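Please read the structure below before turning to the comments.
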């Protein structure tokens, strides 16, 4: 830190200004819900690959398509 820069101590900060913004409107999901969602996406991606005859090189496309379908359902 340069000699001209002034650091602000906790006492000098205005009340309620922790520097962090409150999180509003975001719900946290339990780990089980996330694991179930990933399982559903993986299964759908597998079926998409199966429909194509498991042609190599499309695994990411299958995953993203399955993920999009899962998002559209909820």
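In this note's numbering, the protein residues as written are 3 to 76.
Built from N, CA and C at the ideal position, the CB exists for glycine as well.
Please read all numbers here as calculations on a predicted model, not as lab measurements.
Which listed residue (the options) has its alpha carbon closest to that of residue i
i          : options       : result
residue 44 : 33, 59 and 68 : 68
residue 63 : 74, 51 and 34 : 51
Where residue i sits in the DSSP three-state scheme
i          : result
residue 59 : coil
residue 46 : helix
residue 22 : coil
residue 39 : helix
Close Cβ partners of residue i (< 6 Å) along its chain, the five nearest in sequence each way excluded
i          : result
residue 65 : 47
residue 59 : none
Same chain, Cβ closer than 7 Å to residue i, neighbours up to 5 away in sequence not counted
i          : result
residue 71 : 46
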